[in-house]
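What follows is a short report on a single structure.
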């Protein structure tokens with residue numbers, strides 16, 4: 038039971054990171070990146086590649102693996118963040134703020150290209166990224182867990198908290214919130230709206246890339262791993278309330294927990310349960326659990 | 191508004207028909223093809239390597255003058271692991287490209303989705319990596335599917351024979367993934383277990399994308415299971431042994447050749463990967479030809495343990511070429527007949543094939559060609575123990 | 047999403063004549079199919095036909111109703127497994143099984159529609175996507191029933207002269223089904239049904255107030271999409287005689303949506319273009335497995351940027367426009383067909399003790415109102431008085447907390463907005479709510495939705511709409527897109543739309559807002575003429591000149607309370623009214639405090 042809760046919170050905090058990314062792009066541009074899963078997978082492989090390059094260049098024991106891993110995480114976040122810009126320019130910008138959902142098609146297309154490029158670079162097989170603090174199992178009573186689960190949870194919560202504060206306290210965060218609240222008014226106030234939108238995609242993609250490096254030591258990295266993670270992140274964002282970043286985080290944890298607790302009963306029905314829950318929540322609360330009601334003025 | 195658009199469409203369709211006719215007339219080389227997943231899922235790795243093996247065989251055959259004096263031309267179709275795409279590729283290859291033989295697929299499910307087409311169209315198909323038992327079960331009117339690969343049923347027979355013979359195995363659990371691969375395996379396991387009178391104390395399933403099987407394992411542990419027979423692909427298998435470590439519960443694990451796929455050692459890590467015992471077709475490269483082939487394509491492999499996929503695929507091409515030469519024809523019906531009665535031995539990579547196929551027997555490899563294996567120091571090596579030595583042919587029930 | 051040229055053929059042509067080109071093309075395709083001997087070409091044609099069926103249903107849902115679903119694979123599976131299980135387990139005849147497939151799929155379509163009714167945009171995408179995944183998992187895991195990835199063998203195919211269908215028979219069948227679907231959908235979508243869907247896609251509240259039951263039409267759209275998708279799945283399963291859970295993937299759901307978006311959403315010919323082009327592209331690219339994903343991906347990435355209205359929309363734009371501007375003119379003057387006198391012993395509409403509070407803000411406090419046929423009423427009051435709230439309560443957009451409303455003696459307190467519209471309550475909106483991408487004529491025809499009825503007296507409705515347009519002076523703009531007209535004319539289109547429903551009661555929410563003095567004067571004349579037709583008019587207005595000029599009766603509201611009632615003269619001298627308007631400081635609220643909190647982020 039406790040084992041399941043730890044596992045659920047670990048994955049849940051990753052879903053929360055991805056959900057937060059969805060929240061950032063949705064509030065600023067009213068679009069979502071349907072290729073987010075590919076950013077997660079490719080992020081993991083950028084991390085793997087960085088570790089490989091560092092090990093080759095400096096030798097395995099130069100500074101301690103923790104630093105390699107940290108650099109890999111930074112590299113993945115940066116690389117994916119930078120890739121978020123062409124995504125924004127090619128797939129989002131022509132459609133941002135317009136009705137219709139053409140961006141679904143264009144972001145899926147971007148994802149296919151990205152994944153194909155990654156496949157020809159890294160191949161199909163699953164790869165393991167070594168965790169920074171060793172792979173041993175720690176045991177507390179009956180419960181066994183690996184250090185990476187704690188690393189993921191700690192880092193994810195730190196990032197989520199950091200974002201929460203940054204959105205409220207920093208000038209950039211306030212700009213983002215202003216654009217989210219009212220794009221036209223923000224533009225009139227002299228905020229460079231396209232720049233804020235591009236930044237939202239940069240941040241969202243960087244979060245996806247970072248998530249990839251975080252989960253790779255637990256899930257093993259494959260270029261196919263991202264899709265389901267991103268789908269659950271998407272579910273988390275929406276049932277939490279797409280417009281509410283704290284709701285997105287709560288949604289992520291909830292999905293992680295439901296998933297691992299269902300697995301206690303019967304693992305094969307796990308995803309059915311998660312997605313039935315999604316349908317149920319949205320049928321009851323169309324704006325998600327924490328998304329405040331959007332009343333149309335008539 | 192419709193008419194101009196539809197006119198263009200009609201013209202385009204007519205054009206397609208014409209080009210197809212011209213292509214068929216100009217066919218001088220013999221077209222052969224691979225139709226399988228080479229990009230859609232993790233198991234596509236064996237498809238990609240199979241393509242390498244076939245490519246190498248085509249090169250070698252063309253060097254010695256081709257088949258029936260004509261060079262071979264190798265076409266590749268990617269089915270992405272999706273049945274509709276696989277079926278479409280199949281009709282494309284048979285009806286438009288007019289190939290003489292099809293190799294593949296990667297996933298058993300797709301072979302099941304189109305095998306009736308091959309049988310109806312009398313198109314020989316040689317399977318080199320899909321292992322579902324049902325693939326080579328064909329209609330009485332003529333079965334065109336042949337296989338040089340592991341077969342689920344044979345593996346299940348071998349694994350359960352060992353389990354039955356092993357005095358330490360008191361309580362058995364079946365662990366399978368929920369893909370077609372795992373489901374077919376479970377069916378075979380349950381049927382053979384019934385023949386042996388083995389009742390599994392636990393049967394647990396997991397998704398091929400699962401990474402945490404602790405809850406399933408906890409149930410098996412509670413049921414007192416000391417021996418697991420696992421039917422899963424490489425990555426979930428790796429996660430299974432990792433989850434075992436988490437629970438500190440280490441029953442004996444017997445599994446299929448999937449453990450030799452590169453994903454397993456990657457995920458399981460250097461320590462845990464040595465735990466399961468499994469079956470392979472070629473745990474070591476013995477012949478010179480096999481070593482030479484490995485020199486050629488080894489550098490392109492992510493993991494040398496996947497070399498079997500190339501050698502089996504290589505052998506399927508040799509067998510087909512031998513049958514075509516023997517029949518003196520490329521016609522499906524005659525090639526099938528020749529395959530079922532090959533009169534000369536064919537020296538392949540895995541072994542030398544002496545009358546590998548007959549009307550009733552379409553498996554090029556059988557239990558006697560399997561090796562008991564395990565990982566040791568990063569390599570797949572032979573596994574040996576007294577129980578194995580004591581196994582008699584009568585123990586293999588299937 | 048609709049193209050700028052209205053693709054509707056001239057409405058008076060008989061249905062038979064309209065079907066001729068499609069039938070001709072269908073016959074030509076059948077003839078062509080019969081000359082094909084290569085099974086590959088036949089198979090490609092078959093799949094293109096199946097994809098067309100899926101796409102045409104999806105077009106109704108996504109293109110017309112605006113509900114972008116990402117779960118169609120689940121419905122495809124519903125149809126496929128229906129024929130698979132019926133023919134193998136129950137040995138039902140193949141024909142019956144094929145007929146049952148769309149019905150079962152339609153039932154499943156209702157299941158997915160119900161939780162989808164209230165969600166929009168990405169949430170709708172997620173609900174449908176989750177549904178698709180649940181079905182995918184269900185058919186994979188529930189192996190006892192569905193056979194999982196091992197699949198179902200021996201699905202009985204249709205037979206022709208005692209033999210199983212050959213591929214060419216399947217192609218002919220698919221062409222026949224496709225042509226029939228195209229004609230049927232063409233008939234439906236070019237009429238009341240299609241207009242209702244486009245209207246609700248554009249603006250659900252305006253559609254509801256025009257008498258369209260938004261929920262019912264959404265469910266209908268889901269059902270049509272489900273049935274056609276299920277039919278497609280059934281055809282694939284029967285043709286292949288084998289089906290397994292690997293067919294049901296998220297990829298398939300995305301592909302079906304792509305067929306529509308690339309082909310041209312909301313365009314009757316979009317699915318044809320989408321199915322033809324995407325099937326051909328896939329087949330063509332399959333020859334180069336190493337680059338196919340790059341090309342396919344780039345195509346998706348840039349296609350809608352280059353062709354925002356899809357292939358069909360782009361073609362329609364390039365082709366010379368048909369001369370559609372048939373003048374929509376009728377000689378007949380406008381008459382309204384309902385009885386337009388007060389019922390015996392009471393006013394046409396009586397509102398009693400209506401109360402409404404948003405949180406702590408009371409916007410209506412025991413308001414009573416009596417409106418009479420043939421008369422123009424004005425509702426005035428300072429900002430925040432609760433005037434718009436009252437209109438919204440009257441039309442059923444907002445439910446009242448307590449109180450009762452009777453129309454012509456009948457209690458309508460609990461009636462839905464669309465059924466009130468059906469009973470003759472029509473309205474305009476304070477902020478324009480036109481269906482901007484539809485023509486003026488179509489906007490007016492949407493207004494007549496309930497009047498046309500399911501019997502589809504389309505020709506009659508068009509004549510009536512023409513009369514309405516003449517009445518408001520918009521006849522020459524009938525074929526223009528409503529959104530392209532100048533503001534003043536758009537206001538009048540909204541008025542025309544309200545009139546088209548043969549209202550007994552017309553509610554105008556600030557009709558003169560944004561109009562110049564000349565336009566305001568014209569509007570005043572128009573409203574007077576409407577009153578003379580027998581309609582009871584209630585207008586919320588700030589322009590006192592207009593109010594005093596044309597009203598028969600004025601009600602003054604302040605902070606949710608009626609403070610005065612009477613003729614213009616009486617009101618002008620009423621001290622309470624003067625105090626309400628001049629005597630107090632007003633907070634510069636943006637009109638009514640209608641509890642609108644456009645809460646967006648953070």
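Chains as they are written, first to last, in our numbering: chain A, 38 to 335; chain Z, 191 to 588; chain P, 47 to 648.
Every residue gets a Cβ at the ideal spot worked out from N, C-alpha and C, and that includes glycine.
Report yes if the CB atom of residue i is closer than 7 Å to the CB atom of residue j, and no otherwise.
| i | j | result |
| --- | --- | --- |
| residue 192 (chain P) | residue 120 (chain P) | no |
| residue 83 (chain A) | residue 53 (chain A) | no |
| residue 88 (chain A) | residue 266 (chain A) | no |
| residue 130 (chain P) | residue 220 (chain P) | no |
| residue 542 (chain P) | residue 515 (chain P) | yes |
| residue 174 (chain A) | residue 464 (chain Z) | no |
| residue 373 (chain Z) | residue 459 (chain P) | no |
| residue 607 (chain P) | residue 622 (chain P) | no |
| residue 131 (chain Z) | residue 538 (chain Z) | Missing from the structure shown is residue 131 (chain Z); chain Z here goes from 191 to 588 and no further. |
| residue 301 (chain Z) | residue 504 (chain Z) | no |
| residue 170 (chain A) | residue 184 (chain A) | yes |
| residue 216 (chain P) | residue 92 (chain P) | yes |
| residue 90 (chain P) | residue 357 (chain P) | no |
| residue 289 (chain Z) | residue 314 (chain Z) | no |
| residue 226 (chain Z) | residue 295 (chain Z) | yes |
Mind listing the chain Z neighbours of residue i? Cutoff is C-beta to C-beta under 8 Å, in chain order.
| i | result |
| --- | --- |
| residue 174 (chain A) | 435, 436 and 438 |
| residue 329 (chain P) | 278 and 282 |
| residue 292 (chain P) | 271, 272, 273, 297, 299, 300, 303 and 370 |
Against residue i, what residues of chain P qualify as contacts under a CB-to-CB distance less than 8 Å, listed in chain order?
| i | result |
| --- | --- |
| residue 240 (chain A) | Those within 8 Å of residue 240 (chain A) in chain P number zero; the least Cβ separation is about 15 Å. |
| residue 291 (chain A) | Residues of chain P passing the Cβ test: none, with the nearest at roughly 14 Å. |
Below 8 Å on C-beta distance, what does residue i contact in chain A?
| i | result |
| --- | --- |
| residue 229 (chain Z) | 153, 156 and 161 |
| residue 161 (chain P) | 316, 317, 319 and 320 |
Residues bridged to residue i by DSSP?
| i | result |
| --- | --- |
| residue 627 (chain P) | Bridge partners of residue 627 (chain P): none, in fact. |
| residue 363 (chain Z) | Z:392 and Z:418 |
| residue 585 (chain P) | P:424 and P:554 |
| residue 262 (chain Z) | Z:220 |
| residue 553 (chain Z) | Z:337 |
| residue 565 (chain Z) | Z:570 |
Going along chain P in order, which residues have a C-beta closer than 9 Å to the C-beta of residue i?
| i | result |
| --- | --- |
| residue 267 (chain Z) | 332, 333 and 335 |
Taking C-beta pairs closer than 7 Å, name the residues in chain P that residue i reaches, listed in chain order.
| i | result |
| --- | --- |
| residue 374 (chain Z) | 196 |
| residue 285 (chain Z) | 84, 85 and 86 |
Name the chain Z residues that come within less than 7 Å of residue i, Cβ to Cβ?
| i | result |
| --- | --- |
| residue 181 (chain A) | 436, 437 and 438 |
| residue 44 (chain A) | 402 |
List, in chain order, every chain A residue whose beta-carbon is nearer than 7 Å to that of residue i.
| i | result |
| --- | --- |
| residue 597 (chain Z) | Any property of residue 597 (chain Z) remains undetermined from this structure, which presents chain Z solely from 191 to 588. |
Q) Name the residues in the stretch 432-443 of chain Z whose C-beta lies less than 8 Å from a C-beta of chain A; which are they? A) 435, 436, 437 and 438
Q | Contact list for the stretch 149-166 of chain A against chain Z, Cβ threshold 8 Å | A | 153, 156, 160, 161, 162, 163, 164 and 165
Q) What residue ranges within the stretch 76-134 of chain A form continuous alpha helix (DSSP H) runs of no fewer than 4 residues, ordered along the chain? A) 102-124
Q | the stretch 381-397 of chain Z: positions lying closer than 7 Å to chain P by Cβ | A | none
(Q) So within the stretch 261-313 of chain A, which uninterrupted beta strand (DSSP E) runs reach at least 3 residues, ignoring any that extend past its ends? (A) none
Q | Entirely enclosed alpha helix (DSSP H) segments - the stretch 341-429 of chain P, minimum 4 residues | A | 356-364
Q) If contact means a Cβ-Cβ distance below 7 Å, which residues of the stretch 514-534 of chain P contact chain A? A) none
**Q.** Near-chain Z residues of the stretch 260-284 of chain A - C-beta to any C-beta below 7 Å
**A.** 261 and 265
Q) Which parts of the stretch 442-511 of chain Z are runs of the beta strand (DSSP E), unbroken and 3 residues or longer, counting only runs that do not cross its ends? A) 442-445 and 467-470
Q) At a Cβ cut of 7 Å, what residues of the stretch 443-472 of chain Z count as close to chain A, listed as they run along the chain? A) 452, 453, 456, 457 and 459
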